[in-house]
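Trainee:
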Amino acid sequence: MNETLQVLFSLFIFPGLFGMVALALLADWVDRKVYARVQQRVGPMYTGKAGILQPLADVIKLLSKEDITPGESSKFMFNFLPLAAFAAVMSAALLLPIGFLNAYNSFPGDLLIMLYLLGLPTIVYFLAGWHSHSYFGIFGGVRAVTQLFAYEVPFLLAVLTPALLTGSWQLSEISRLSASHPLYLLAHLLAFTVAILGLQAKLERVPFDIPEAETEIVGGPTTEYSGRKLAVLHLTHELMFVVGSATLASIFLGGFGSGLWQFPLFLVKTFAIIFILSLMRAAAARMRIDQLIEFSWKYLAPMSCLQFLFIIVLKVLEIA
Amino acid sequence: MKKSVIARIKEWARLNSLWVLHFNSGACNGCDIEILDALTPRYDVERFGIRLKASPRHADVLLASGPVNHQSAARLKRIYDQMPDPKIVIAVGTCACSGGVFRGCYNIHSGIDSAVPVDAYITGCPVKPEAIIDAVAKLINKVKAA
């Protein structure tokens, strides 16, 4: 009975549906506040205390608005895709090495499942743009996939570096080992940098917001989405923001420990990464797609390879 | 008449999160600069949850500036139709209200309301950002009272 309750708690409260959605909204608020402060503005102020309910108001408003399916679009795919992306990111959230559920779904290799589930929304963006049958959607979708080829390889290499260092492909094992060896962070600092840049590109945020560049192609893949479906896409994006940051926190920053300490540690480490990503969004301007591909393959990919070599040398010399 | 809890939550969310689409239907760019001005640190309309959006499908408010000419009338109508309900249209600037100095020209309609229904008019050539914020605040109060 107790076990059932624990599983239900994990599925629906934390790290399940409600807790994650709440954290996603909180992350959106933090992001907007940091962005505004860097621009000498104050950001949302009057929706709840210091505007903390602003993301909630946005989502409720989108949920209550008219839901348009354009006549030209492929109806089924257009309506189904936002849910697919949402489901993928929620499943990824359950794989995080935190909470009761981890005793059941943690297995060697779940790091890869996590990365695939986080990669799925990009494919969904592409398909969503394609099936909305609008020029901007198609352009945005094609750009999303082109961008995927640029950042995915350096990002994967960077994220797999801790796996190599700790000798495990299991998220909970990696975080446990890197928590007991704090110097590991220094050893893969380069990989951490590449992973942060890769996550920013995965989330399609400035300076890598090429697929949804609103000054060029309106809204990219989401151009034709409105109402409920846009709300789900918006939530998916914010969820990915949290889950991606939490993944990086668990493999690079030593995870979340065990017991009651998990939740505060989760908040601190995840929001530290969210803070870095928000600062990057505020400080940079958008790159062109060719600049991004050049940057990823000329600098990011060699950097991750170098990091890989460094780890192998450490392993061979039996320092780590 | 007392509104139900759900209706009140919906109204709260809607009024606190107005996403704006800006459309120039033939303005001289004066009003457009002032609209962008409202987003800058000095006025910062994001305080009220107002955000500038690029796609009409995402927007709640259409800020249209400029006298409507024959070419832009059909496009203005189309953009208005693409916005999901409930939607608000604000005519920004004297030209958008009545046609302004261009009224009576051979190619000019007389203002935004000749193409789409308008909820609020802001005069000025160009409008002041304070006037835009004031109009939005009055409009919010009007929606609340209704």
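Each protein sequence line maps, in turn, to chains W and S. So the number in the working numbering is just where the residue sits in the first sequence, counting from 1, plus 7. So the number in the working numbering is just where the residue sits in the second sequence, counting from 1, plus 12. In this text, a Cβ means the ideal position worked out from N, Cα and C, and glycines have one as well.
1) Strictly below 8 Å CB to CB, what residues from chain W border Gly61/S?
2) Do Pro104/W and Gly262/W count as a contact pair if the criterion is CB distance below 8 Å?
3) Can you give the Cα-Cα distance for Asp49/S and His82/S, rounded to whole angstroms?
4) What does Glu211/W reach in chain S if we use C-beta pairs closer than 9 Å?
5) Does the separation of the CB atoms of Ala103/S and Gly123/S fall below 8 Å?
6) Chain S beta carbons: is any one of them nearer than 8 Å to that of Arg48/W?
7) By the 8 Å beta-carbon criterion, what residues does the segment 133-155 of chain S contribute toward chain W?
8) Hey, Leu204/W and Leu307/W are a contact pair by Cβ (cut 8 Å); roughly how many whole angstroms apart?
9) Could you check which residue in Ser182/W, Leu246/W, Pro228/W, Gly148/W has the C-alpha nearest to that of Gln269/W?
10) Let me check understanding here. Comparing Cα to Cα, which of Thr254/W, Lys82/W, Leu192/W, Leu267/W lies closest to Arg138/W?
11) Kindly say whether His70/S, judged by its beta-carbon, lies nearer than 8 Å to any beta-carbon of chain W.
12) Look at the alpha carbon of Gly132/S and the alpha carbon of Phe35/S, and state the distance between them as a whole number of angstroms.
13) For Ala76/S and Val101/S, which I take to be in contact (beta-carbon distance under 8 Å), what is that distance rounded to the nearest angstrom?
14) Of the choices Asp93/S, Tyr118/S, Cys43/S, whose alpha-carbon is the least far from that of Cys109/S?
15) Between the segment 73-105 of chain W and chain S, which residues of the former have CB atoms less than 8 Å from a CB of the latter, in chain order?
16) Would DSSP call Ala186/W helix, strand or coil?
17) From the DSSP secondary-structure annotation, give me the bridge partner or partners of Ala76/S.
18) In terms of residues, what are the limits of the beta strand (DSSP E) holding Lys65/S?
19) Relative to the alpha-carbon of Glu231/W, which residue among Ala289/W, Tyr142/W, Phe248/W has its alpha-carbon at the smallest distance?
20) According to the neighbour-count rule (16 or more other Cβ atoms, all chains shown, within 10 Å of its Cβ), is Phe19/W buried or exposed?
21) Are the C-beta atoms of Lys22/S and some chain W residue less than 8 Å apart?
22) Looking at the C-beta of Ser71/W, does it have a partner C-beta in chain S at a distance below 8 Å?
23) Identify the contact partners of Ser233/W in chain S, using a Cβ-Cβ distance below 7 Å as the criterion.
24) With 8 Å as the threshold, decide whether the Cβ of Pro79/S is near any Cβ in chain W.
25) My output table needs one value for Asn41/S: the three-state DSSP class, helix, strand or coil.
26) Would you report the Cα separation of Glu245/W and Pro98/S, rounded to the nearest angstrom?
27) Strictly by DSSP, which residues pair up with Ile67/W?
28) By Cβ distance below 8 Å, which residues in the same chain neighbour His70/S in space, the five residues on each side in sequence not counted?
29) Under 9 Å between beta-carbons, which chain W residues line up against Glu46/S? List them in chain order, please.
30) Spatial neighbours of Leu124/W within its chain, please: CB distance less than 6 Å, with the 5 preceding and 5 following residues excluded, ordered by chain position.
Mentor: Taking the definition as stated:
1) The answer, in chain order, is Pro51, Tyr53, Thr54, Gly58, Gln61, Ala64, Asp65.
2) yes
3) 28 Å
4) Those do not exist, as Glu211/W stays about 14 Å from chain S at its closest Cβ, beyond 9 Å.
5) Going by beta carbons, Ala103/S and Gly123/S fall inside the 8 Å limit.
6) yes
7) none
8) 6 Å
9) When only C-alpha atoms are compared, the closest one is Ser182/W.
10) Per the sequence shown, the amino acid found at residue 138/W is His instead of Arg. Measuring from the Cα of His138/W, the nearest candidate turns out to be Lys82/W.
11) It does; some Cβ of chain W falls within 8 Å.
12) A quick correction: the sequence has Ala, not Gly, at residue 132/S. Distance between the alpha carbons of Ala132/S and Phe35/S is about 15 Å.
13) Contact flag correct, Cβ pair sits at about 7 Å.
14) Cys43/S
15) Glu73, Asp74, Ile75
16) helix
17) Phe35/S, Ala103/S
18) Counted as a single uninterrupted DSSP element, the beta strand (DSSP E) harbouring Lys65/S occupies residues 63-65.
19) Tyr142/W
20) exposed
21) yes
22) yes
23) Arg69, His70, Pro96
24) no
25) coil
26) 25 Å
27) Note: Ile67/W sits in no beta bridge, so no partner.
28) Trp31, Leu33
29) What Glu46/S touches in chain W: nothing, since even the nearest Cβ is about 17 Å away.
30) Excluding positions up to five away in sequence, the list reads Ala95, Ser98, Ala99.
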